[in-house]
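Visitor:
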Amino acid sequence: MMHNLSIAELIKGLKNKDFSSVELTQHYLKRINESKLNAFISVTDDLALSQANEADLKIAKGDSTLLTGIPYAHKDIFCTKGVKTSAGSKMLDSFISPYDATLNHKFNLENMVMLGKTNMDEFAMGSSNENSYYGPVKNPWDLKKVPGGSSGGSAAAVASRITPFATGTDTGGSIRQPASLCGITGIKPTYGRISRYGMIAYASSLDQAGPMTQTAEDAAIVLNAMAGFDSKDSTSASKETPDYTKKLTNSLDGLLIGLPKEFFSSGLDDGVEKVVMQAIKEYEAMGAKIKEVSLPNSMHAIPTYYIVAPCECSSNLSRFDGVRYGYRCEDPKDLDDLYLRSRSEGFGKEVKRRIMIGAYALSAGYYDAYYLKAQKVRQLISEDFKKAFQSVDVIMGPVSPSTAFDLGSVKDPVSMYLADIYTLSVNLAGLPGMSIPAGFSKNLPVGLQLIGNHWSEELLLNTAHQFQLKTDWHKSTPIEL
Amino acid sequence: MSLDNKQVKEIAYLARLSIEDTELEQSTSELNNILSLMADLSEIDTGDAEPMAHPLHMSQRLREDEVTEENLAEEFQAIAPKTGNSHFLVPTVIE
């Protein structure tokens, strides 16, 4: 079936005229409309078909790029001109973006086809997609389970093959964890690699966009279209962008893989550990050498992240005031009432919680104890990685301590935060990280995490690609879909 | 360190959020649980570690002082809750 094809295969199909972009688009739109996962907040049928038409014309004229005519879905955190951009929040339920995110602009220049905007935890705050104003997304492998978050809609959509790929964002694991829980491939590049312009901010020193795909080869193709310097993003890196598909042929013979002992201690589910260790064995068989490394401060990543990120979010989300755009309460009696009620009615519980933690941690008298201290520990976490990468090329481990859990089963915020233990330190250090399908535990997908040094996306993508040449886990699809 | 209901209301107000009295008890307990998670930080010896403000230790890039933004006032105001005479309207602040 067409929807099981990878992007690399779809590109060939379009080129050989096996199908047109319009046919491809219609096929995916039909699948989206029949899907019961709640993976989309908006489906942009008309826009998609007109973009597909245009793409077909460009292809016919020989005026196309590699990705012309390829359909995709955007996480609903990227501003798309003329299209609702909600960030999963009531606050932005009526927000029609007046401008395009740089990422969207780049996709439009290639005449790619946007199928719609995917569901997500409100303002990207969450690990289960249960914090969305538009209701939770279901995991396609088991409809009673969460897809992970915050890019849960994107992950579920790619896993159920209702879009060839989707964009995601990762502030503390929001690409890698849902990729792991839904059995797809996802990469969070080095901080600064992809423009954040027009990507609704959660925690600006951590936020980074990335592709969510079936395969590592697809991730490399899409990353080529996403990455690059942008003068509109003051934290964008001016570093040159390589062609990420070029090194997908390198042998892994002699690759040094580090296993952080802290990632295999208590708290890790036995079934997940077994799958991860089996994947490591596969790498050994390909000629890689395994070495134990230590990231002693990574165990402090939870308190560090849950100070730094809420502090930044309390500042970033102060822009939602009910005055210039977004939700405004009914009949405000004065300006203070307008602020108070617009924000209290417009934000969901988890968002309010994080804003309050941030407001408290930044308030006079507490700044040194919380924010400054967390920024110092962040330095230590980063130095651990620096040390580890002196002796290994890639670090591997689990993405998440467990497979997908039941919808509604994790009720207290702290337990939810603890599940982010293996992903947070990567964002704090600004490193690239990846999740690839590595097997199953009790019929639910398990991801393997690959962590590289700054700017080592090529190495990560090839390391993942070589694994996918030897294994079939990335080709498994949920049964009835 | 533990917060009481009154402090939680104050913090909420600092961020211009209000908490219903019916939810106050639960909010206070959740915030205290989160803060106890943070308490671990105080026990870490950070020695002379510099606070890490940027993941790549880069400094903010500056640009030429030129006007690059287009005037999109109308488009931006079209999505505002309430406007008039090219202003964003709010309840009267000064009589």
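If you read the sequences in order, they're chains A and B.
Position 210 of the first sequence, counting from 1, maps to 221 under our numbering, and the rest follow consecutively.
Position 11 of the second sequence, counting from 1, maps to 199 under our numbering, and the rest follow consecutively.
The C-beta atom is built at its ideal place from N, Cα and C for all residues, glycine as well.
Do residue 351 of chain A and residue 205 of chain B come within 9 Å of each other at the CB atom, strictly closer than that value?
Guide: In contact: residue 205 of chain B and residue 351 of chain A (Cβ atoms closer than 9 Å).
Visitor: Quick one: any contact between the region 199 to 207 of chain A and the region 240 to 260 of chain A, if contact means 3 or more CB pairs under 8 Å?
Guide: The region 199 to 207 of chain A, when compared against the region 240 to 260 of chain A, does touch it at the 8 Å Cβ threshold.
Visitor: Mapping DSSP to helix, strand and coil, what is residue 84 of chain A?
Guide: Residue 84 of chain A: strand per DSSP, three-state reduction.
Visitor: Let me know if residue 395 of chain A comes out buried or exposed under the rule of 16 or more other beta-carbons within 10 Å of its beta-carbon.
Guide: Buried.
Visitor: Cβ of residue 88 of chain A within 9 Å of Cβ of residue 123 of chain A?
Guide: No. Outside cutoff.
Visitor: Which residues, in chain order, does the region 262 to 279 of chain B contribute to contact with chain A at a C-beta distance below 8 Å?
Guide: Answer set for the region 262 to 279 of chain B: 263, 264, 266, 267, 268, 269, 270, 276, 278, 279.
Visitor: Roughly how far, in whole angstroms, is the beta-carbon of residue 337 of chain A from the beta-carbon of residue 357 of chain A, given that I think they are within contact range, below 8 Å?
Guide: Confirmed, about 7 Å.
Visitor: What does residue 281 of chain B touch in chain A if you count any residue whose Cβ is under 9 Å from its own?
Guide: What residue 281 of chain B touches in chain A: 345, 346.
Visitor: Inspect the beta-carbon positions of residue 278 of chain A and residue 432 of chain A and report whether they are closer than 9 Å.
Guide: A contact, by the Cβ cut-off of 9 Å.
Visitor: Identify which residue in A:463, A:397, A:479, A:384 has its Cα closest to the Cα of residue 227 of chain B.
Guide: The candidate whose alpha carbon is nearest that of residue 227 of chain B is A:384.
Visitor: Find the residues of chain B that neighbour residue 390 of chain A, judging by a C-beta separation of less than 8 Å, and give them in chain order.
Guide: Near residue 390 of chain A (Cβ distances below 8 Å), the residues of chain B are 234, 237, 238, 239, 240.
Visitor: Find the nearest neighbour of residue 469 of chain A within the set A:71, A:257, A:483, judged by alpha-carbon distance.
Guide: Of A:71, A:257, A:483, the residue nearest in Cα terms is A:257.
Visitor: By the DSSP assignment, the beta strand (DSSP E) with residue 51 of chain A in it spans what residues?
Guide: Looking at the DSSP string, the run of the beta strand (DSSP E) that includes residue 51 of chain A is 51 to 54.
Visitor: Tell me which residues of the region 431 to 451 of chain A have at least one Cβ-Cβ distance to chain B shorter than 9 Å, keeping chain order.
Guide: The residues in question are 438, 439, 440, 441, 442.
Visitor: Among the residues of its own chain, which have a CB less than 8 Å from the CB of residue 487 of chain A, if the five just before and after it don't count?
Guide: Taken in chain order, the residues that qualify are 194, 448, 451, 456.
Visitor: Given a cut-off of 9 Å, decide if residue 174 of chain A and residue 162 of chain A are closer than it, judged by their beta-carbon atoms.
Guide: The answer is no: Cβ separation not under 9 Å.
Visitor: Going along the chain, which residues of its own chain have a beta-carbon closer than 6 Å to the beta-carbon of residue 290 of chain A, five neighbours each way excluded?
Guide: Excluding residues within five positions, the ones whose Cβ falls inside 6 Å are 449, 459.
Visitor: Could you tell me whether the Cβ atoms of residue 266 of chain A and residue 297 of chain A are closer together than 9 Å?
Guide: Contact: yes.
Visitor: What's the gap between the Cα of residue 119 of chain A and the Cα of residue 256 of chain B?
Guide: Cα-Cα distance, rounded: 22 Å.
Visitor: Flag residue 212 of chain B as yes if its beta-carbon sits less than 9 Å from any beta-carbon of chain A, otherwise no.
Guide: Taking Cβ atoms only, chain A never reaches closer than 9 Å to residue 212 of chain B, which makes this a no.
Visitor: How would you list, in chain order, the residues of chain B whose beta-carbon sits under 9 Å from the beta-carbon of residue 501 of chain A?
Guide: Since the first residue of chain A shown is 12 and the last is 492, residue 501 of chain A is not available in this structure.
Visitor: Any beta carbon from chain B within less than 9 Å of residue 386 of chain A's own beta carbon?
Guide: By this cut-off, residue 386 of chain A is an interface position.
Visitor: In the structure shown, what three-state DSSP assignment does residue 191 of chain B receive?
Guide: Coil at residue 191 of chain B, not helix or strand.
Visitor: Let me know the secondary structure DSSP gives residue 264 of chain B once reduced to three states.
Guide: Reduced to three states, the DSSP call for residue 264 of chain B is helix.
Visitor: Take residue 121 of chain A and list the residues in its own chain whose beta-carbon comes closer than 7 Å to its own, dropping the five residues that flank it on each side.
Guide: Once the five neighbours on either side are set aside, the close Cβ partners of residue 121 of chain A are 76, 78, 79, 236.
Visitor: Determine the burial state of residue 371 of chain A: buried for a count of at least 16 other Cβ atoms within 10 Å of its Cβ, exposed for fewer.
Guide: Answer is buried; the Cβ neighbour count reaches 16.
Visitor: What is the rounded straight-line gap between the Cα of residue 71 of chain A and the Cα of residue 64 of chain A?
Guide: Distance between the alpha carbons of residue 71 of chain A and residue 64 of chain A: 11 Å.
Visitor: On the CB-based measure, 16 or more other CB atoms within 10 Å of its CB, does residue 207 of chain B come out buried or exposed?
Guide: With 16 or more other Cβ atoms within 10 Å, it is buried.
Visitor: According to DSSP, is residue 282 of chain A helix, strand or coil?
Guide: In this structure, residue 282 of chain A counts as helix in the three-state DSSP scheme.
Visitor: Can you tell me which residues form a DSSP beta bridge with residue 432 of chain A?
Guide: Note: residue 432 of chain A sits in no beta bridge, so no partner.
Visitor: In this structure, how does DSSP classify residue 311 of chain A when only helix, strand and coil are distinguished?
Guide: Three-state DSSP puts residue 311 of chain A in a helix.
Visitor: Would you mind working out which of B:198, B:203, B:195 sits nearest residue 544 of chain A, comparing C-alpha positions?
Guide: With chain A covering only 12 through 492, there is no way to say anything about residue 544 of chain A.
Visitor: With a cut-off of 9 Å, does the C-beta of residue 317 of chain A fall near any C-beta of chain B?
Guide: Yes, residue 317 of chain A counts as interfacial toward chain B.
Visitor: Using a Cβ-Cβ distance cut-off of 9 Å, determine whether residue 221 of chain B contacts chain C.
Guide: Absence of chain C from the displayed structure is noted, the protein chains being A and B.
Visitor: Using a Cβ-Cβ distance under 9 Å, would residue 254 of chain B count as near chain A?
Guide: Chain A contact via Cβ: absent.
Visitor: Please list, in chain order, the chain A residues whose beta carbon lies closer than 8 Å to that of residue 230 of chain B.
Guide: Ordered by position in chain A, the residues that pass the 8 Å Cβ test against residue 230 of chain B are 380, 384.
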